[in-house]
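Novice: Pasting a structure here, questions to come.
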Amino acid sequence: MRLAYEDRFSELEPLLARVEKPSRYIDHEWGTKSDPAAPFRVCLIYPDVYEVGLPNQGIAILYAVLNQQEGISCERGYVPWIDMADAMRAAHVPLLSLEGAAPVASFDIVGFHVPHEMAVTNYLEALDLAGIPLLSADRAEDDPIVIAGGPSVYNPEPVACFFDAIMIGEGEEQIVEASRCVERMRARGASRIDILRALAHVGGAYVPALYEVSHEGPCTEHGYTVPRAGEDVPDVVYKRVVRDFGATDPVPQSIVPYAQLVHDRLSIEVLRGCARGCRFCQAGMTYRPVRERTPDQIVGAVTRGLSEMGYEEVSLTSLSTTDHSCCAPILSRLNRRLADTGTRVSIPSQRLDSFGVDMALSVAGEKKGGLTFAPEAGSQRLRDVINKNVTEDDLERATRAAFEAGWRRVKLYFMMGLPGETDDDIRAIAELADRTYELAREVVPKGQRGGISVSVSVSVFIPKAATPFQWCAQTPDEEVKRRQQLLIHSVRNRAVRVHYHDADTSLIEAVLSRGGRDLSGVIMGAWRRGARFDAWTEQFDLARWEDAAREEGIDLRAVAQTPFELEARLPWEHVSPGVSRGFLLREWRRAMNAETTPDCTRTSCTGCGICPTLHAENVLVGDRK
Numbered sequence: 006m007r008l009a010y011e012d013r014f015s016e017l018e019p020l021l022a023r024v025e026k027p028s029r030y031i032d033h034e035w036g037t038k039s040d041p042a043a044p045f046r047v048c049l050i051y052p053d054v055y056e057v058g059l060p061n062q063g064i065a066i067l068y069a070v071l072n073q074q075e076g077i078s079c080e081r082g083y084v085p086w087i088d089m090a091d092a093m094r095a096a097h098v099p100l101l102s103l104e105g106a107a108p109v110a111s112f113d114i115v116g117f118h119v120p121h122e123m124a125v126t127n128y129l130e131a132l133d134l135a136g137i138p139l140l141s142a143d144r145a146e147d148d149p150i151v152i153a154g155g156p157s158v159y160n161p162e163p164v165a166c167f168f169d170a171i172m173i174g175e176g177e178e179q180i181v182e183a184s185r186c187v188e189r190m191r192a193r194g195a196s197r198i199d200i201l202r203a204l205a206h207v208g209g210a211y212v213p214a215l216y217e218v219s220h221e222g223p224c225t226e227h228g229y230t231v232p233r234a235g236e237d238v239p240d241v242v243y244k245r246v247v248r249d250f251g252a253t254d255p256v257p258q259s260i261v262p263y264a265q266l267v268h269d270r271l272s273i274e275v276l277r278g279c280a281r282g283c284r285f286c287q288a289g290m291t292y293r294p295v296r297e298r299t300p301d302q303i304v305g306a307v308t309r310g311l312s313e314m315g316y317e318e319v320s321l322t323s324l325s326t327t328d329h330s331c332c333a334p335i336l337s338r339l340n341r342r343l344a345d346t347g348t349r350v351s352i353p354s355q356r357l358d359s360f361g362v363d364m365a366l367s368v369a370g371e372k373k374g375g376l377t378f379a380p381e382a383g384s385q386r387l388r389d390v391i392n393k394n395v396t397e398d399d400l401e402r403a404t405r406a407a408f409e410a411g412w413r414r415v416k417l418y419f420m421m422g423l424p425g426e427t428d429d430d431i432r433a434i435a436e437l438a439d440r441t442y443e444l445a446r447e448v449v450p451k452g453q454r455g456g457i458s459v460s461v462s463v464s465v466f467i468p469k470a471a472t473p474f475q476w477c478a479q480t481p482d483e484e485v486k487r488r489q490q491l492l493i494h495s496v497r498n499r500a501v502r503v504h505y506h507d508a509d510t511s512l513i514e515a516v517l518s519r520g521g522r523d524l525s526g527v528i529m530g531a532w533r534r535g536a537r538f539d540a541w542t543e544q545f546d547l548a549r550w551e552d553a554a555r556e557e558g559i560d561l562r563a564v565a566q567t568p569f570e571l572e573a574r575l576p577w578e579h580v581s582p583g584v585s586r587g588f589l590l591r592e593w594r595r596a597m598n599a600e601t602t603p604d605c606t607r608t609s610c611t612g613c614g615i616c617p618t619l620h621a622e623n624v625l626v627g628d629r630k
C-alpha cells in the first residue's frame, strides 16, 4: 500500500537511545540535495548500513544526476542494523528515507544498488521494513516501482522476481529516462503492467515480469530466459554505456556524513573500464570500454571536491588507476597543488610492476603504510591460465622497489580454486610469499627489519557470469578447506601471515552467481530464517541457507559445483555487457591452453565485441605504457 509522503522522524527518534550507532539514522546532513516539494520522488537504497553505503560512488552519481532534474527529488535509504530493525518492527515504524524521514513506500520509484551477491537478503529486509510486497507480482497498482542496478546485475535471475525492473549497465542517463518514463505513465493513469511494458523500452532495462524461463534445447537445470509470448521486448538486453564519460560530473559527492565512514574520503573516478582481460574478473569484462578523464578535469575535480567537502584524503578510483595514460603527470600536478595542505592522495588500485610502485611512492611521501600486490595465482602457468600477464620477475622487481623505497608492509592477494589449479599451485603461493619475505630481509637495513610484514590474503574463486570462466564449477568447499590447510603448512617462514576467505560464504556466493529464478524461494527462505547482513562474517549462518534450500528441493553444492556444458544456454544470457559469447568461448579455450591475450589499449583489438555492439570505443587521453 502506498503511504503518504510525510516526515515521521518523531516516531523513529525515541528508538535512537536503544541502538548502536544512532548517527546512522539522523537526517539533515550538510550537502543533501533533495527537494521535498518535487512532484516525483525517487529513493535510492544501498543494501547495508549507513557507514558502508554513503561512500558508494554509484549511489552518489545517481543521487546527483536525479536531483539536477526539474521536478524530480531523490533521497537515500540504508538498511537498519539488526538492533534498529527489530526496534522498528516492534514500534511499527516503517523504513524511512534519510533526507525527509518519509516512508520509503511513499516514493514513486525505489531503487536498490546491487553491489554483490551476498546482499540479496538485505533487499528483502528493506522491502519488508518498508511495507512493500517482496514479490513484484504481489504489488498493488499504487505501490512504488521497485528497480535495481549496479555492478552485480549480470546474472539477475536469482533476484528477478523481487524487482519490477533491473537496469543493466551504467546508470547516469538510464535512471533519468526510467524516472521520466514512470512519471509520464503515472500521469496518464496507466496500469502497473503498462508502466512495466514502457520501462522495457528504456535502453538497458530488463523487466522480469515480461520474460519467462524455458528448458527447451540444450541448457542448464536452471533453464534460460526468453520473452513471454506476445510481449514486445528484446531477446537480449544490452547494457547502457556512457560514451562521453568526460562529460559527466567527476565530483558527485556532496554530503558531509555524521559518522565515520568505511571509506571516509573524497573519491574521484579517473577512468571507467579495464582492458587487461583477467579471465576471472567480471568487472573487467562488464565495465568495458576504457574511457579516461583528462588531467585538467581530474585535477580541477580534486580541487573543487576538497574545497566543498573538507576531506583530508582524496582517492583516485577506477578498476586500475595506474593504467591511466597520464597517471604520472596527474599525480605530479596534484602533489604540487596539495603541497603543505596535509591532504593525502591515495590510489587504491596499482599495477604489479615498478611503475605501480613509482606511482605509489609519488603519493605516499613519508606516510608509507602498506602496499598490496595481486599476483592472483602462485605459479606462472596458472597466471597464464587466468591471463594475469604478470611474471614472477614483475613481482620481484615491484616488491624490491617497494622495500627499497621505504615500505615495510606488503600484502599479496591470491585466489584459490582457479580452473586447473593443483596442489603445486598452492605450494607456489607459499613459495612466493616466502621469497618476498626473504627479499625484504635482503633489502631492508638490519636495524629496520623488525618492521617487515608480509601477509598473504586468499579468496575463493567464484565463477561469474559474462566471464570466460562462466562455464566452470566452483571447487567443492571441503576441498577448498583442504587446500587452505595445505597453504598454511606450506609457508616456511612463521613471519608470513596467511588469511583466507570463508569457504561457506563463498559457496553461497557461487550459488547466487550461477543459479536461476529457481533460487528465489531459497533466498526468501533464508531471509525468513533470519539471514540478513550475510556479507558480515559474524552474521552469516550457512545452516539457514541449507535449510531453505532443502525445503525448496535444491542442492546448493550441485548448483555451485557442477560445470556447464559449452553448448548449453545459460541462465543469464538474456542480458549482456556487450562482450560476445564467441569471445568468451575463445578466451576459455585459450585459458585451457595457458595462452595469454594482450590488453587492447596497448596493442590491437582482441575482438571482444563490445565496441561495435554498443557503438562505443576506448577513449585514451595519452599513450599507455
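So the sequence shown is numbered by the working numbering: it starts at 6 and just counts up by one. Here a beta-carbon is modelled for each residue, glycine too, at the ideal position from N, C-alpha and C.
Classify residue 497: buried if its beta carbon has 16 or more other beta carbons within 10 angstroms, exposed otherwise.
Specialist: As a position in the sequence shown, residue 497 is number 492, starting the count at 1. So residue 497 counts as exposed.
Novice: Nearest to residue 18 by CA position, among 286, 93 and 434, is which residue?
Specialist: On the sequence shown, position 13 is the one that residue 18 refers to. Nearest option by C-alpha distance: 93.
Novice: Whose C-beta lies closer than 6 Å to the C-beta of residue 180 among residues of the same chain, with five residues either side of it excluded?
Specialist: Reading the sequence shown from its first residue, position 175 is the one you call residue 180. Taken in chain order, the residues that qualify are 67.
Novice: Going by alpha carbons, who is nearest to residue 103 out of 48, 514 and 160?
Specialist: Taking the first residue of the sequence shown as 1, we reach residue 103 at position 98. Selected option, being the one with the closest Cα: 48.
Novice: With a threshold of 8 Å, are at least 3 pairs of Cβ atoms found where one atom belongs to the stretch 285–302 and the other to the stretch 478–491?
Specialist: Touching, no.
Novice: Taking 6 Å as the limit between beta carbons, can you name the residues of its chain near residue 146, skipping five residues before and five after?
Specialist: By one-based count along the sequence shown, residue 146 stands at place 141. Around residue 146: 197.
Novice: Rounded to whole angstroms, what is the Cα-Cα separation between residue 23 and residue 259?
Specialist: Start at 1 with the first residue of the sequence shown, and residue 23 comes out as number 18. Start at 1 with the first residue of the sequence shown, and residue 259 comes out as number 254. When rounded, the distance between both Cα atoms is 30 Å.
Novice: Could you name each continuous alpha helix (DSSP H) segment of 4 residues or more that falls completely within the stretch 403–449, going from the start of the chain to the end?
Specialist: Counting whole runs of 4 or more residues, the stretch 403–449 contains the alpha helix (DSSP H) stretches 428–448.
Novice: Mind checking residue 575: buried by the 16 CB within 10 Å criterion, or exposed?
Specialist: For the purposes of this step, residue 575 is taken as the residue at position 570 of the sequence shown. The residue is buried, with at least 16 neighbouring Cβ atoms inside 10 Å.
Novice: Exposed or buried, which one is residue 140 when buried takes at least 16 other CB atoms within 10 Å?
Specialist: Looking up residue 140 in the sequence shown gives position 135. By the neighbour-count rule (16 or more Cβ atoms within 10 Å), residue 140 is not buried but exposed.
Novice: Taking residue 448 and residue 409 to be in contact with their CB atoms under 8 Å, please state how far apart those CB atoms are, rounded to whole angstroms.
Specialist: Counting from 1 along the sequence shown, the entry for residue 448 is found at position 443. Counting from 1 along the sequence shown, the entry for residue 409 is found at position 404. Going by Cβ atoms, the distance from residue 448 to residue 409 rounds to 6 Å, so yes, they are a contact pair.
Novice: For the beta strand (DSSP E) that residue 312 lies in, which residues bound it at each end?
Specialist: As a working mapping, residue 312 is identified with position 307 in the sequence shown. Element bounds for residue 312: not the beta strand (DSSP E) but the alpha helix (DSSP H), 300–314.
Novice: Short check: CB of residue 423 to CB of residue 391, under 8 Å?
Specialist: The residue you call residue 423 lines up with position 418 of the sequence shown. The residue you call residue 391 lines up with position 386 of the sequence shown. Their beta carbons are under 8 Å apart, which means residue 423 touches residue 391 by this criterion.
Novice: Apply the 10 Å Cβ neighbour rule to residue 42 and answer buried if 16 or more other Cβ atoms are within range, or exposed otherwise.
Specialist: Residue 42 sits at position 37 when you count from the first residue of the sequence shown. Exposed.
Novice: Put residue 9 into one of helix, strand or coil per three-state DSSP.
Specialist: Counting from one through the sequence shown, the residue named residue 9 turns up at place 4. Of the three classes helix, strand and coil, the one that applies to residue 9 here is coil, per DSSP.
Novice: Consider the Cβ of residue 589: report whether some Cβ of chain C lies at a distance smaller than 8 Å.
Specialist: This model lacks chain C altogether, as it is built from one protein chain only.
Novice: Quick one: complete alpha helix (DSSP H) runs, 4+ long, within the stretch 110–159?
Specialist: Whole alpha helix (DSSP H) segments, 4+ residues: 125–135.
Novice: With distances taken from CA atoms, which of 98, 136 and 152 is nearest residue 115?
Specialist: In the sequence shown, the residue the question calls residue 115 occupies position 110. Among 98, 136 and 152, the Cα nearest to that of residue 115 belongs to 152.
Novice: For a minimum of 3 consecutive residues, which ranges assigned as the beta strand (DSSP E) are wholly contained in the stretch 488–519?
Specialist: Within the stretch 488–519, the complete beta strand (DSSP E) runs of at least 3 residues are 501–505.
Novice: When you measure from the CB of residue 110 to every non-hydrogen atom of the ligand FMN, does any distance come out below 7 Å?
Specialist: Among the components modelled here there is no ligand, and therefore nothing to report on the ligand FMN.
Novice: Identify the continuous beta strand (DSSP E) that holds residue 321 and give its terminal residues.
Specialist: Locating residue 321 in the sequence shown gives position 316, where the first residue counts as 1. Here the beta strand (DSSP E) through residue 321 covers 318–322.
Novice: Can you find the residues in the same chain that come closer than 7 Å, C-beta to C-beta, to residue 127, ignoring five residues on each side of it along the sequence?
Specialist: Translated into positions along the sequence shown, residue 127 becomes position 122. Correct list, in chain order: 52, 53, 84, 537 and 538.
Novice: Under 8 Å, do residue 169 and residue 238 count as touching if we go by C-beta distance?
Specialist: For the purposes of this step, residue 169 is identified with residue 164 of the sequence shown, where counting begins at 1. For the purposes of this step, residue 238 is identified with residue 233 of the sequence shown, where counting begins at 1. Against a cut-off of 8 Å, the Cβ pair of residue 238 and residue 169 comes out as no contact.
Novice: Counting Cβ pairs, one atom from each stretch, are 3 or more of them under 8 Å apart for the stretch 306–314 and the stretch 482–491?
Specialist: Contact between the stretch 306–314 and the stretch 482–491 is absent, because fewer than three Cβ pairs lie under 8 Å.
Novice: Starting from residue 83, trace the beta strand (DSSP E) both ways and give me its first and last residue.
Specialist: Locating residue 83 in the sequence shown gives position 78, where the first residue counts as 1. 77–83 is the span of the beta strand (DSSP E), which, as asked, contains residue 83.
Novice: Between residue 74 and the rest of its own chain, which residues show a CB-CB distance below 7 Å, the 5 nearest in sequence each way excluded?
Specialist: Walking along the sequence shown from the start, residue 74 turns up at place 69. Cβ neighbours of residue 74 beyond the five flanking positions: 181.
Novice: In whole angstroms, what separates the C-alpha of residue 165 from that of residue 440?
Specialist: Residue 165 sits at position 160 when you count from the first residue of the sequence shown. Residue 440 sits at position 435 when you count from the first residue of the sequence shown. Distance between the alpha carbons of residue 165 and residue 440: 47 Å.
Novice: First and last residue of the beta strand (DSSP E) that includes residue 263?
Specialist: Position 258 of the sequence shown, counted from the first residue, corresponds to residue 263. Looking at the DSSP string, residue 263 is not in any beta strand (DSSP E), and its letter there is neither H nor E.
Novice: If residue 189 sits next to residue 113, beta carbons under 8 Å apart, how far is it from one beta carbon to the other, in whole angstroms?
Specialist: Residue mapping note: residue 189 aligns to position 184 of the sequence shown, counting from 1. Residue mapping note: residue 113 aligns to position 108 of the sequence shown, counting from 1. That belief does not hold up - the Cβ atoms of residue 189 and residue 113 are roughly 11 Å apart, past 8 Å.
Novice: Give the range of the alpha helix (DSSP H) segment to which residue 188 is assigned.
Specialist: As a first step, residue 188 is located in the sequence shown; it is residue number 183 there, counting from the start. Here the alpha helix (DSSP H) through residue 188 covers 179–192.
Novice: Would the stretch 317–327 and the stretch 607–626 be scored as touching if the rule is three or more Cβ pairs under 8 Å?
Specialist: No contact exists between the stretch 317–327 and the stretch 607–626.
Novice: Which value, in whole angstroms, describes the spacing of the CA atoms of residue 40 and residue 513?
Specialist: Numbered from its first residue, the sequence shown carries residue 40 at position 35. Numbered from its first residue, the sequence shown carries residue 513 at position 508. About 40 Å.
Novice: Given this structure, state the Cα-to-Cα distance separating residue 637 from residue 187, to the nearest angstrom.
Specialist: With the chain covering 6 to 630 only, the question about residue 637 has no answer from this structure.
Novice: Measuring alpha carbon to alpha carbon, tell me which residue in 506, 551 and 101 is nearest residue 528.
Specialist: Counting from 1 along the sequence shown, the entry for residue 528 is found at position 523. For residue 528, the nearest C-alpha among the options comes from 551.
Novice: Given a cut-off of 8 Å on the beta-carbon distance, is the pair residue 420 and residue 464 in contact?
Specialist: The residue given as residue 420 occupies position 415 in the sequence shown. The residue given as residue 464 occupies position 459 in the sequence shown. Yes, Cβ-Cβ distance for residue 420 and residue 464 is below 8 Å.
Novice: Quick check on the burial criterion: 16 or more other C-beta atoms within 10 angstroms. Buried or exposed for residue 532?
Specialist: Position 527 of the sequence shown holds residue 532. Counting Cβ neighbours within 10 Å, residue 532 comes out buried, since at least 16 surround it.
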